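Each remark here refers to the structure printed beneath this line.
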């Protein structure tokens with residue numbers, strides 16, 4: 005799987021939040037799909053329309069991610 009990168013700091017590690025502000029680690033694949041870092045974790049109840057970078061302050065739509073790792 006090719007992972008898309010943060011447009012600001014160029015890392016692939018992201019997270020998503022749910023209404024309780026709990027975080028789930030994710031990657032974004034080359035088709036802009038949000039994929040959980042750990043296969044056994046579900047993304048049910050998490051807002052997949054906005055992702056947050058673990059390396060910097062960037063956040064936004066998965067469609068704004070760039071490049072491939």
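Residue numbers (my numbering): 5 to 73.
Just so you know, even glycine gets a beta-carbon here, dropped at the ideal spot from N, CA and C.
All values derive from a computational prediction rather than experimental measurement.
**Asked** For residue 23 versus residue 30, is the C-beta distance shorter than 8 Å?
**Response** Residue 23 sits at position 19 when you count from the first residue of the chain shown. Residue 30 sits at position 26 when you count from the first residue of the chain shown. Contact: no.
**Message:** For the beta strand (DSSP E) containing residue 18, name the first residue and the last one.
**Reply:** In the chain shown, counting from the first residue as 1, residue 18 sits at position 14. Start and end: 18-21.
**Request:** Check whether the Cβ atoms of residue 21 and residue 50 sit closer than 8 Å, and answer yes or no.
**Result:** Walking along the chain shown from the start, residue 21 turns up at place 17. Walking along the chain shown from the start, residue 50 turns up at place 46. Yes, they are a contact pair.
**Prompt:** Excluding the five sequence neighbours on either side, which residues of its own chain have a C-beta within less than 8 Å of the C-beta of residue 42, listed in chain order?
**Reply:** As a position in the chain shown, residue 42 is number 38, starting the count at 1. Result list for residue 42: 29, in chain order.
**Message:** Please list the terminal residues of the continuous beta strand (DSSP E) segment that includes residue 40.
**Reply:** Position 36 of the chain shown, counting from 1, holds the residue named residue 40. Counting along the chain, the beta strand (DSSP E) containing residue 40 begins and ends at 38-40.
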